[in-house]
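Using our numbering, read the sequence shown as starting at 500 and increasing by one per residue.
Glycine residues also receive a C-beta, built at the ideal position from the N, C-alpha and C atoms.
Worksheet for the structure shown next.
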Amino acid sequence: MNDIKEIISLLQNPTKEDITLIQKAHDFVQKAHEGHVRNNDEPYFSHLFSTAKNIAELGMGATTIAAGFLHDSIEDAKVTPKEIEKEFGKEILFLVEGVTKLGKIKYRGTTRYNESLRKLFMAMSQDIRVLIIKLCDRLHNMQTLEYVSKEKQLRIAKETLEIYAPIAYRLGIKKLQRDLEDLAFAYVYPKDFEEIKKILKNKKEEVEDHLEKFEKSLKKELAKNNITNFHIDHRVKSLFSLYKKLQKYEGDVEIIYDISALRIIVPEIPDCYKVLGIIHGMWRPLPGRIKDYIASPKLNGYRSIHTTIFTGDGGIIEVQIRTEDMHKEAEFGIASHVSYKYGLKEKTTNPNLVWLRNILPGRSSLDSKSDSESSTNDVPGWIKELVEYQKEAGEEFLDNVKNDFFEERIFVFTPIGDVIDLPKDSSVIDFAYAIHTDIGNHMSGAKVNGKFMAIDTILRNGDRVEIETKKSAKPSQRWLESCKTTLAKRHIRNELENNKK
Ligand code: MN
């Protein structure tokens, strides 16, 4: 158990350097976390190992896997950032610090903050790999959730369902989304979970029979048409997605046709349409159930052809047709792009991506760093990955990223860890009014990140702000020039009027 070979074997064509790096990170954290145990009395190292393994399973490279081993070392083993940089370099330190920062965000359980939190994750994760590590960390925490207190279970499971799983969905990492949702489902809605499990089990037995027969005749039919280079697998709907679908159809399980589906994976796109033609020539499709996500991919980049057919023996089966690449993408989403190894030939010159450079401060220093450790693996940075991704998913994907992931917003913390979402260039004054009108109206001073600062200070992403108030304090005309939000301006004007009277 916990053998490093398990991880190495998941890498595609690892170089010697890759293996050395992973081994080094493995040994480093084994020592750093020595004597440190988790709630289930297992050594803390087992959590780091599992996180790193989850990352490797997504097909990520050695750098990300090493950062996965190290992800708790600053926070929990008191390793200094300097030491990580010295041992593992700037890039890995950047990833580890990114994950550490994400860990500090507190979930306060009210829907009001969810959207902000989601955006915050995106804004703070300037490198998509930070999020992938964090998601893999969370997956292992969910897998071992039975060992924590009931109260904590519910909080963590809810947070997983409301924040982590939707992020995995946005990034197209179906595999993670499914696992996170099903694990959390059991804790958040235990009764529904049991019920759905029963329904799924019964339904599965019912369709399995049809599936087997259908698969046999399908293979015959494809062979007759000289299609031999394909493979078939079959997937069962996840518990949580069935639950959501049942809610949509008011519990009528009979009209859900995709509880289990047959997948046909072929080499090229034209093969997909050929297979579709053969199937429709042989079995009658259900009208309105043919979806061509190859011609029009889903917003998160998903591609496949779906059709639902009558099997002729009373059964109805959903069939999904896709290429190998699409299959990989459907399971691993953006992770499958980040991990591609390609040379560092071309710099990003795509004019569509210039905005990304502008809103990703700090990233440029990493891009231009020496190539000493970046020549081996998944280094080109995620901007390059986005270029690749965009080529396939088109303009829509980019717009989606731009609007949803990196709006021109900043996210600032209250002293108790709540997140306040403000437009870029907002000041302490905007923050105070965003919390409460009275706090704005009676602000006498403020601390930003623990230091006293002028109230017209422009805030930056991740700042922690504490407002001091005095009964006698009141806004002045000058405040109007030092705030950005209409909310603050309106309240200041009102209060200036009131004070005149
Ligand atoms: Mn962790």
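If we ignore side chains and look at the alpha-carbon of each, how far apart do I503 and C982 end up? 54 Å
What does the alpha-carbon distance come out to for the pair E767 and T985? 54 Å
Give me the Cα-Cα distance between I808 and H779, rounded to the nearest whole angstrom. 8 Å
Can you name the start and end residues of the alpha helix (DSSP H) that I564 belongs to? A561 to L569
Is P542 helix, strand or coil when you go by DSSP? strand
Quick one: what does DSSP say Y748 is sitting in, helix, strand or coil? coil
Around the ligand MN, which residues pass a check of Cβ closer than 7 Å to any of its heavy atoms? H546, T550, H570, D571, D636 and N640
Local Cβ density within 10 Å of Y932, reported as buried at 16 or more and exposed below that: buried
Taking DSSP as the reference, what is the three-state secondary structure of A933? helix
Near A576, what residues of its chain come up, given a Cβ to Cβ distance below 6 Å and the 5 sequence neighbours on each side ignored? A531 and H532
Please classify Y543 as buried or exposed, where buried requires at least 16 neighbouring CB atoms within 10 angstroms. buried
With a floor of 4 residues, list each alpha helix (DSSP H) that falls wholly inside the segment 720-800, ordered by position along the chain. 738-747 and 768-781
Q652, enclosing alpha helix (DSSP H) - first and last residue: K649 to E658
Can you confirm whether the segment 725-741 touches the segment 780-798 when touching is taken to mean that 3 or more C-beta pairs between the two stretches lie within less than 8 Å? no
Reducing DSSP to helix, strand and coil, say where S943 ends up. strand
Three Cβ pairs or more, each shorter than 8 Å: is that satisfied between the segment 960-969 and the segment 908-927? yes
Quick one: what's got a C-beta closer than 8 Å to F951's C-beta in the same chain, skipping five residues either side? G944 and A945
Since D491 is in the alpha helix (DSSP H), which residue starts that stretch and which ends it? The chain is shown only over 500 to 1000; residue 491 falls outside these bounds and no answer can be derived.
What's the call for N993, buried or exposed, on a 16-neighbour Cβ count within 10 Å? exposed
Quick check: what's the CA-CA separation for D757 versus N725? 28 Å
Checking 8 Å against the spacing of the C-beta atoms, do K973 and N998 come in under that value? yes
What are the partner residues of P689, as DSSP defines its beta bridges? For P689, which the question treats as bridged, DSSP gives no partner whatsoever.
May I ask you to report which of helix, strand or coil DSSP gives P922? strand
In terms of alpha-carbon separation, which member of E823, T810, A555 and Y688 lies closest to L510? A555
Boundaries (first-last residue) of the beta strand (DSSP E) holding I503: From DSSP, I503 is part of no beta strand (DSSP E) but of the alpha helix (DSSP H) over I503 to I507.
Extent of the continuous beta strand (DSSP E) run through R977: Where R977 is concerned, there is no enclosing beta strand (DSSP E), given that its DSSP letter is neither H nor E.
Cα separation between S925 and E980? 11 Å
As a quick exercise: from V598, V706 and N640, pick the residue whose alpha carbon is nearest that of G813. V706
Per DSSP, what kind of secondary structure is T810 in: helix, strand or coil? coil
When burial is assigned at 16 or more other CB atoms within 10 Å of the CB, is Y663 buried or exposed? buried
Report the CB separation of E590 from T562 in whole angstroms; it is logged as a contact under 8 Å. 6 Å
Using DSSP's beta-bridge definition, name the partner residues of E965. K946
Given I564 as reference, the closest of H525, K581 and E584 once Cα atoms are compared: H525
Buried or exposed (CB count within 10 angstroms, at least 16 for buried), A667: buried
For R821, does the three-state DSSP call read helix, strand or coil? strand
If I'm right that A566 touches V536 with Cβ under 8 Å, what's the distance once you round it to whole angstroms? The Cβ separation is near 23 Å, so there is no contact.
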